Amino acid sequence: MECYFLKKDFNLIVWYKQLLGKKPQPIAKSYYMNDVYFLKGFDDGRLSVTVGNGTYHLNIFRMTQEDVATYYCGAIKFTALYFSPGTFLMITEKHSNTRRILQQPDLKPVHLGDNITLQCTVQFMEDCAQHSVYWLKQSSGESPSKIIVSYFIMADAQTCVYNFTMKIRTLSDTGIYYCAMDIDGEIITGQGTKVTITGTDQNIMNPGTFILVSSNIISAVIIMIALVKWHFIG
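Take the UniProt record's numbering: the final residue in the sequence shown is number 234, and no numbers are missing along the way.
Given below as structure tokens:
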């Protein structure tokens, strides 16, 4: 995962990992772009940081389900803390879980000022009250962000339904909304709902371009596909 910055006078550069519903954890840090120090729990040799001229890239080797999370690059200058938008990384495995997430609708054309409701249905699950759904919004050219939590509204015959309602205020509210759930340590996601504003020409990617890494390449060295191109300003 790539982290770019323009200034060289940051006191500290840090990579963070955030599990769904948890606080960010520092992974690695460098003072004034010198030696990289990996914090406890992340010093098993599977992670590395490539330091260059204005770059601080995070690499992950031999990926596992434990690596599923949102990753942030952060920098400290005196008392100011700067963060990248973050990259949500997940692994998909064929037949790894019989549960499925269905999202409705696939496409949602709206007008500014409209209230919309997105629905996420989880099949083959009985303990609905024990789980919550996380909604992630992905704008064109960006990584999924803005995690929102919703709880189930109804359950019937091993099916749990979760709704997310929001008001479309500006063009920035458009994008692809994904629901994601952590079940027994495995993240499963819906196919995405594309929200567009009627009458505008928006260059928004199609659902399905979510950051997915196939399990058949876990054994290979993986440098995260989703690139966070972050520029510090000021």
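A virtual CB, placed ideally from N, CA and C, is assigned to each residue, including glycine. Owing to the predicted nature of the structure, the values given are computational and were not obtained by experimental measurement.
Restricting to Cα atoms, I'd like to know which of G52, N53, V36 is closest to G45. For the purposes of this step, residue 45 is identified with residue 45 of the sequence shown, where counting begins at 1. For the residues G52, N53, V36, the minimum Cα distance to G45 belongs to V36.
Using a Cβ-Cβ cut-off of 6 Å (strictly less than) and excluding sequence neighbours within five positions of D182, which residues of its own chain qualify? Reading the sequence shown from its first residue, position 182 is the one you call residue 182. So the list reads L20, once near-sequence residues are dropped.
With 16 as the cutoff for other CB atoms within 10 Å, does Y71 come out buried or exposed? Taking the sequence shown and counting its residues from 1, one reaches residue 71 at position 71. Its Cβ being crowded by 16 or more others within 10 Å, Y71 is buried.
Identity of the residues DSSP links to P26 by a beta bridge: Locating residue 26 in the sequence shown gives position 26, counting from the first residue. Answer by DSSP bridge pairing, in chain order: Y16.
Relative to the ligand SAH, is the shortest distance from any of its heavy atoms to the C-beta of R169 smaller than 6 Å? Here there are no bound small molecules, and the ligand SAH is not part of this structure.
Helix, strand or coil for S84? Go by DSSP, reduced to three states. Along the sequence shown, one-based indexing puts residue 84 at 84. If DSSP states are grouped into helix, strand and coil, S84 belongs with coil.
Collapsed DSSP secondary structure at S172 in the structure displayed: By one-based count along the sequence shown, residue 172 stands at place 172. In this structure, S172 counts as helix in the three-state DSSP scheme.
For N115, which of V122, F38, V195, I101 has the nearest alpha-carbon? Translated into positions along the sequence shown, residue 115 becomes position 115. Of the listed residues, the one whose Cα sits closest to N115 is V195.
On the DSSP bridge list, what partners appear for M166? To locate residue 166, count along the sequence shown from 1; it is residue 166. M166 is bridged to I116.
Pick from F5, C120, L107: whose alpha carbon is nearest that of I54? Looking up residue 54 in the sequence shown gives position 54. It is worth fixing the name first, because residue 54 is Gly in this sequence and not Ile. The candidate whose alpha carbon is nearest that of G54 is F5.
Please name the residue or residues paired with N59 in a DSSP beta bridge. What you label residue 59 is simply residue 59 of the sequence shown in a count that begins at 1. Paired residues: S48.
Simplified DSSP assignment, three categories, for E126: The sequence position of residue 126 within the sequence shown is 126, counting from 1. E126: coil per DSSP, three-state reduction.
Would Q18 and P24 be called neighbours here (beta carbons separated by less than 7 Å)? As a first step, residue 18 is located in the sequence shown; it is residue number 18 there, counting from the start. As a first step, residue 24 is located in the sequence shown; it is residue number 24 there, counting from the start. Against a cut-off of 7 Å, the Cβ pair of P24 and Q18 comes out as a contact.
DSSP on Q158, reduced to helix/strand/coil? Translated into positions along the sequence shown, residue 158 becomes position 158. In the structure shown, Q158 sits in coil (DSSP, three-state: anything other than H, G, I, E or B).
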